[in-house]
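In our numbering, the protein residues as written are 99 to 539.
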Amino acid sequence: MTDTTTAGLGSDPARKHVNPGEIAIGVIIGRTAEFFDFFVYAIASVIVFPRLVFPFASELTGTLYSFAIFAIAFIARPLGTVIFMAIDRRYGKSAKLILAMLLLGTATVAIAFLPGYYEIGAAAIWLLALARAAQGLAWGGAWDGLASLLALNAPKQQRGWYAMVPQLGAPLGLIVASALFAYFAGNLSSEDFFGWGWRYPFFVAFAINVVALFARLRMVVTPEYSSLFESRELQPSRVLDTLRHDGRNIIIGAFAPLASFALFHMVTVFPLSWVFLFTRESPVRFLIIETIGAMFGVVAIIASGMLADRIGRKPLLMGSAIAIAVFSGFAPQMLDAGPVGETAYMILGFILLGLSFGQSSGVIASSFRTAYRYTASALTADLAWLFGAGFAPLVALLLATDFGLISSGAYLLSGAVVTILALWISGLRESNEYRSPSESE
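Written out as structure tokens, the structure reads:
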């Protein structure tokens, strides 16, 4: 069976104008901007919105309400993909990206200007939910295909290395977001921080998104890149057609990284909420720990690229899922063991996250039919975030408060089990395909 991810690389005349390193720059800038926006909202959903938008509820209930609104973006994201893929087909990628980033910037700035519950009552809740839904729609439209283009242009012996490049945006975005919130929360009085200090990271997010937009447009709209997109058939297909032809692979691809996505929130949003609600520690201190942990995550993601090129992407994902399953057995005890335990939990968690998350993007992408890969990859990412991350902080906090912190380990274990099953099913399907001469010719 021909490997569709590398077929015809040498025959493309446009290839000489572009190299994977140049694509990687655009990918890192775009993903870092997206994840910075993501983490700015996530941190605010723990330390700001319960007090600003839900002051009538207890701290715990307000945080649960805040996490419910947090999930709205992940529900809206697949719808955003459907809408903006139609725009892409009709008006092109530049129009799609401009509209998507304009919507994202508008929603982000709207949150920065959001009045509190005491100013406008329940309208504050509805405005926050509306802005969050707009963010989700925009994230669906922000899919630019550069990550897929990077995978297609990567040298065969360095596929794992270039697969990890887009994933660097997550820890880089977290580092900047955590550091900003830690600075403002640590240097302003409580009154000033909740009055205006928390709003500044959202303004910064808007500025970063503007920079990311121009960085993406610079690459996507040039003739060389347009030629590459067309020659690789990385063009938007109709969503229903894509689901009809590649629906099964999309589902497998969405569940394959579930261990990574479950752990993603178990070392970012959830522990911040637990420490903020159930300990006497300052959130500033824990944000600094998160920043340090994310630095270990960067190193681990880079290491995942080297390891994947030596042992293979799927074996590394399988091994990481097993390691995450083991980690789930003692992670809650570490988080509940005071400052030293929290630090160890975060560092070890981010190392495991880096090794798994670094290779979780598009591991099933080579199974997609070439004509549907662009849209199928976008839908796979949407569903992976929805199933693995959208409700993770809400579910983990509910479990921990109702059944004890140990239950959060069970949630993490379930994600690892699903990843192992998805990778196993994917491996069986690939084996059957390679055994079938009629399918491989």
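Virtual Cβ for every residue (Gly too), placed ideally from N, Cα, C.
### Query
For the putative contact between Y139 and F152, defined by C-beta atoms under 8 Å, what is the C-beta separation to the nearest angstrom?
Their Cβ separation, rounded to whole angstroms, is 15 Å, which puts Y139 and F152 out of contact at 8 Å.
### Query
When you compare each of T389, G507 and G234 to P177 by their alpha carbons, which one comes out closest?
Sequence inspection shows Leu at residue 177; the Pro mentioned does not correspond to that position. Looking from the CA of L177, the closest CA among T389, G507 and G234 belongs to G234.
### Message
Classify P253: buried if its beta carbon has 16 or more other beta carbons within 10 angstroms, exposed otherwise.
### Response
By the beta-carbon neighbour count (other beta carbons within 10 angstroms, threshold 16), P253 is exposed.
### Task
Report all residues from its chain with a CB closer than 6 Å to the CB of A205; omit the five preceding and five following residues, and keep chain order.
Within the same chain, A205 has close Cβ partners A229, A232 and Q233.
### Short Cβ contact (9 Å threshold) for L356 with G488
No, the pair does not count as a contact, with Cβ atoms beyond the cut-off.
### Task
Mark N347 as exposed unless 16 or more other C-beta atoms lie within 10 angstroms of its C-beta, in which case mark it buried.
Around the C-beta of N347, 16 or more other C-beta atoms lie within 10 Å, and the residue is accordingly described as buried.
#### Entry: Supposed contact pair W483 and R257 - C-beta distance, whole angstroms, cut 8 Å
In this structure R257 does not touch W483 by the C-beta definition: roughly 23 Å separates them, more than the 8 Å allowed.
### Query
In the structure shown, what three-state DSSP assignment does R378 receive?
Correct three-state label for R378: coil.
### Task
Note down, in chain order, each residue of its chain lying with its Cβ closer than 6 Å to the Cβ of V125, except the 5 sequence neighbours on either side.
Here the set comprises L244, A245, L248, V263 and P264.
### Task
May I have the straight-line CA-CA distance separating K194 from V438, to the nearest angstrom?
Between the alpha carbons of K194 and V438 lies a gap of roughly 47 Å.
### Message
Relative to the C-alpha of E379, which candidate in L446, A392, G284 and G391 has its C-alpha closest?
### Response
Relative to the Cα of E379, the nearest Cα in the group L446, A392, G284 and G391 belongs to G284.
### Task
Let me know the alpha helix (DSSP H) ranges lying completely inside the segment 341 to 404, each 4 residues or longer, listed in chain order.
Within the segment 341 to 404, the runs of alpha helix (DSSP H) that reach at least 4 residues and sit entirely inside it are, in chain order, 356 to 364 and 367 to 376.
### Query
From which residue to which residue does the alpha helix (DSSP H) around K191 run?
Element bounds for K191: K191 to A210.
### Message
Which same chain residues end up closer than 6 Å to L519 when comparing Cβ atoms and leaving out the 5 residues on each side of it in sequence?
### Response
Here the set comprises nothing.
### Query
Under a three-way DSSP split, which group does P253 fall into?
It is coil, neither helix nor strand.
### Query
In its own chain, which residues sit with a C-beta less than 6 Å from the C-beta of A280, not counting the 5 before and 5 after it?
Closer than 6 Å at Cβ, skipping near neighbours: V382, L385 and I386.
### Message
Less than 9 Å between the beta carbons of I209 and F353, yes or no?
### Response
Against a cut-off of 9 Å, the Cβ pair of F353 and I209 comes out as no contact.
### Task
Pull up the distance between the alpha-carbon of N307 and that of E132, whole angstroms please.
Separation of N307 and E132 (C-alpha to C-alpha, rounded to the nearest whole angstrom) is 8 Å.
### Task
Output the distance between the C-alpha atoms of L477 and L503, rounded to the nearest integer angstrom.
Rounded to the nearest angstrom, the gap between the Cα atoms of L477 and L503 is 33 Å.
### Message
I'd like the list of long-range same chain contacts for I449, defined as Cβ closer than 6 Å, with 5 residues on each side in sequence excluded.
### Response
For I449, where only same-chain residues beyond five positions count, the Cβ hits under 6 Å are F394 and A398.
### Task
Please name the residue, chosen from D500, A313, L510 and F485, that lies closest to F172 on a Cα-to-Cα basis.
Of D500, A313, L510 and F485, the smallest CA-CA separation from F172 is found for F485.
### P269 - DSSP class collapsed to helix/strand/coil
P269 falls in the helix class under three-state DSSP.
### Query
Going by alpha carbons, who is nearest to Y298 out of L311, V309, A277 and A313?
Considering only alpha carbons, the answer is A277.
### Task
Assess, as a yes-or-no matter, whether the segment 181 to 199 is touched by the segment 220 to 228 under the definition of 3 or more beta carbon pairs within less than 8 Å.
Under the Cβ criterion (8 Å, minimum of three pairs), the segment 220 to 228 does not count as touching the segment 181 to 199.
### Query
Measuring CB to CB, does G293 end up less than 9 Å from T130?
Not in contact: G293 and T130 (Cβ atoms no closer than 9 Å).
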